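Visitor: In our numbering, the protein residues as written are 515 to 682.
Starting off with a structure, shown below.
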């Protein structure tokens with residue numbers, strides 16, 4: 515069994531003077547949400563072994579802030595292949611993961627995050643707000659055997675819910 519965590523980047527700053535979408539930074543609210551999600555993941559004991567993030571500034575920063583706030587470390591890499599991509603592109607990244615990884619995190623964008631989850635669990639429609647995180651279990655031993663339609667959605671948590679759960 516392998517676990518996959520899909521993490522949508524946190525709220526970005528649309529008022530930023532960055533001309534390119536790729537370079538848009540996180541908004542203050544987004545920075546807080548990324549930290550909450552990192553602490554949540556540590557709190558439930560499900561930090562990833564490996565993380566792949568989109569190269570967009572807002573996705574990279576979301577990943578960095580979550581990891582630091584949650585005080586978990588994992589091997590991480592950044593790729594342009596998660597920026598403006600399809601769920602098929604995400605599947606290629608999943609299939610290429612080393613089999614030593616038990617829990618893989620993908621940090622990406624909408625609509626790709628929700629479309630990937632929907633296809634993984636069998637076409638169910640999933641809504642995915644900024645900084646939301648979902649964990650799926652895949653009945654595989656090797657990442658290259660991952661496929662659409664076979665995953666089980668274990669949980670889907672928004673920053674608002676994570677914050678409440680951390681209080682409890």
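The beta-carbon is built from N, C-alpha and C at its ideal position, and this holds for glycine as well.
Note that the structure is a prediction, hence the values are computed from the model and not measured.
Residue 521 lies in the beta strand (DSSP E); which residues open and close that run?
Guide: From DSSP, the beta strand (DSSP E) with residue 521 extends over 516 to 522.
Visitor: In terms of residue numbering, what span does the alpha helix (DSSP H) encompassing residue 663 cover?
Guide: Here residue 663 belongs to no alpha helix (DSSP H), and DSSP marks it neither H nor E.
Visitor: Inspect the beta-carbon positions of residue 527 and residue 544 and report whether they are closer than 9 Å.
Guide: yes
Visitor: Which same chain residues, not among the five before or five after residue 563, have their C-beta less than 6 Å away from its C-beta?
Guide: 588, 615, 616 and 617
Visitor: Kindly identify the DSSP beta-bridge partner or partners of residue 551.
Guide: Note: residue 551 sits in no beta bridge, so no partner.
Visitor: Suppose the cutoff is 7 Å on Cβ atoms and the five residues either side in sequence are ignored; what does the same chain contact list for residue 606 look like?
Guide: none
Visitor: In chain order, what residues of the same chain have a beta carbon less than 7 Å from the beta carbon of residue 565, not counting five sequence neighbours either side?
Guide: 577, 588, 590, 619 and 621
Visitor: Where does residue 620 fall in DSSP's three states?
Guide: strand
Visitor: Since residue 589 is in the beta strand (DSSP E), which residue starts that stretch and which ends it?
Guide: 589 to 593
Visitor: Could you name the residues of the same chain whose beta carbon sits closer than 8 Å to that of residue 612, not counting the 5 residues immediately before and after it, in chain order?
Guide: 564 and 657
Visitor: How big is the Cα-Cα spacing for residue 541 and residue 547?
Guide: Cα to Cα, residue 541 sits roughly 10 Å from residue 547.
Visitor: Just checking my contact of residue 654 with residue 660 at CB under 8 Å: how many whole Å lie between their CB atoms?
Guide: Correct: roughly 6 Å between the Cβ atoms.
Visitor: From this set, 669, 664, 679 and 635, which residue's C-alpha is nearest residue 649's C-alpha?
Guide: 669
Visitor: So, helix, strand or coil for residue 583, using DSSP?
Guide: helix
Visitor: How is residue 648 classed by DSSP in three states: helix, strand or coil?
Guide: strand
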